[in-house]
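Counting along the sequence shown from 1, when you hit position 77 you're at 76 in the numbering used here, and nothing is skipped either side.
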Amino acid sequence: MALKIDEELFGKRLAKLYASFKDEKVWNGADAIAIGTGPSAEEIRYLKSISLHLWLFGYELPDTLIVFTKKHLYAVASSKKANLLQTVKSTCEKEGVEMKVLTRGKDESGEAQFAEVLKGVKAEAGGKAKVGTLAKEKPEGAFLKKWAGDLAASGLATSDATAGMASVLSVKDATELAHSRKAAQYTAHVLREFLVPQIESIIDEEKKVLHTKLAEKTEDVIFDPAKLGLKMRPDTVDVCYMPMIQSGGEYDLRPSAANAAQALHYGVIVAALGVRYRSYCSNVSRTYLVDPTKAQQEAYKALLKAHAAAVDALREGASLSAPMAAAVAALQASSQPELAAKLGKSVGFGTGLEFRDSSAVLKSSAEGTIKAGQVYNVALGLADLENPEATDKKGRKYALSLADTVVVKAGGD
0 MALKIDEELF GKRLAKLYAS FKDEKVWNGA DAIAIGTGPS AEEIRYLKSI SLHLWLFGYE
60 LPDTLIVFTK KHLYAVASSK KANLLQTVKS TCEKEGVEMK VLTRGKDESG EAQFAEVLKG
120 VKAEAGGKAK VGTLAKEKPE GAFLKKWAGD LAASGLATSD ATAGMASVLS VKDATELAHS
180 RKAAQYTAHV LREFLVPQIE SIIDEEKKVL HTKLAEKTED VIFDPAKLGL KMRPDTVDVC
240 YMPMIQSGGE YDLRPSAANA AQALHYGVIV AALGVRYRSY CSNVSRTYLV DPTKAQQEAY
300 KALLKAHAAA VDALREGASL SAPMAAAVAA LQASSQPELA AKLGKSVGFG TGLEFRDSSA
360 VLKSSAEGTI KAGQVYNVAL GLADLENPEA TDKKGRKYAL SLADTVVVKA GGD
């Protein structure tokens, strides 16, 4: 199927980017913004450069350089990608931006095209122009390394454009919110209709099933919505991370944690799923207590109240630190106030095309402001809890986790 850029959506998002570009403070005074992508890779990569491509064009365009100036949009790409980008030249013109697509031959390094881009940047903004880049993204592949070298040799100053790009991508439009909701609904459906029944069956029939095996089965179902009776194209869904199932005294509540190759323990079971729909991320985590003690039940009730308090504090205009403060206050007011000391360093983060937006972490030291249209993973974890009434060693230590994907609505809701 031939690739096609949604011109209307591209135009709206290009206008949004350029409206933001006028704010010199958030873009660190950049006169131009240079965003490059390296070669494609099999593994999931959360990079703002890739996110920008998905957001603007609807596709990841490997080994492509996009440079925005106040009046121009330069693109350096191979022939097929250059032809695709040519289709939105008229849309750029409607937004007051002249697009220049520079085609790089198969055996070309990009040197000639980079020289033309740098010449254009200097001509427009002067020899003292400042180029904004994604400072934390290291150049991958010969194409991007060549660009990085040529930019460094050009004499132009550089600045970090990460905050500006995060600002543009953080507030979602109607299409993005629809994708985020669909991702969250599918994640919850997989949990409710597949993973929970699997866990219940393992416990009822006293089976020995490894965490890793259960995670693999869950991932297989995620990739094939038809197995759950859903009419969704398999190519529209992906995992944010490997499904996580933990029990038996060993808990690591980070989404990057690996599943232990040990059998499911019938005590405290933590399950977490992260699913993408059309590249937009969602996350859910639940804790299942098998024959819990009264103290464990009270601890989970406290976690539920703390999570609800964090979600309620996630309001337009509030500080990014507000959900954390609300969660801590709720735990301190519970029947087990000591649980507040067991809470993680944050209670979630912004999510979207990137699973975790590092500029929108819900923690005590956060200084930003919550905005309508943002999407957050509100995730609370209580680690290193002890159960002195446990009858076996694996039940003595446990953790509790609760996470949901939450959209911030306008008007403080």
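Cβ atoms here follow ideal geometry from the backbone N, Cα and C, with glycine treated the same way.
S48 versus R180 - alpha carbon distance: 23 angstroms
Helix or strand or just coil, what does DSSP make of D203? helix
Between the alpha carbons of I244 and I32, how many angstroms are there, rounded? Distance between the alpha carbons of I244 and I32: 41 angstroms.
Skipping 5 residues on each side, what residues in its chain have a beta carbon closer than 7 angstroms to that of L8? T174
Range of the contiguous alpha helix (DSSP H) that encloses Y17: 6-20
Distance, Cα to Cα, T102 vs F354? 32 angstroms
Using the DSSP secondary-structure output, state which residues sit across from C280 in a beta bridge. Partner(s): R275.
Using only the alpha-carbon positions, how far apart do K227 and I198 sit? Residue identity check: residue 227 is Leu in the sequence provided, not Lys. Taking the straight line from one Cα to the other gives about 16 angstroms.
Considering only residues of the same chain and omitting the five flanking positions on each side of K144, which have a CB-CB separation below 8 angstroms? P138
Counting only runs that start and end within the segment 183-252, where is the alpha helix (DSSP H) found for 4 or more residues in a row? You should have 195-203, 210-221.
Quick one: which unbroken beta strand (DSSP E) runs of 3-plus residues sit fully inside the segment 78-142? Chain order, please. 97-102, 129-132
Suppose contacts are defined by Cβ-Cβ distances below 8 angstroms. Is P242 in contact with A214 by that definition? yes
Tell me whether K118 is buried or exposed, calling it buried when 16 or more other Cβ atoms sit within 10 Å of its Cβ. Burial is judged here by how many other beta carbons sit within 10 angstroms of a residue's own beta carbon; K118 has fewer than 16 and is exposed.
Taking only three categories from DSSP, how would you classify A257? coil
Short of 6 angstroms in beta carbon distance, which residues of its chain neighbour P336, apart from the five on each side in sequence? Order them along the chain. Excluding positions up to five away in sequence, the list is empty.
Count the other CB atoms within 10 Å of the CB of T390; is the residue buried (16 or more) or exposed (fewer)? exposed
Does the Cβ of D30 have 16 or more other Cβ atoms within 10 Å, making it buried, or fewer, making it exposed? The residue in question, D30, is buried, as its Cβ has 16 or more Cβ neighbours within 10 Å.
How close, in whole Å, do the beta carbons of A382 and K341 come, if the pair is a contact with beta carbons under 8 angstroms? 6 angstroms
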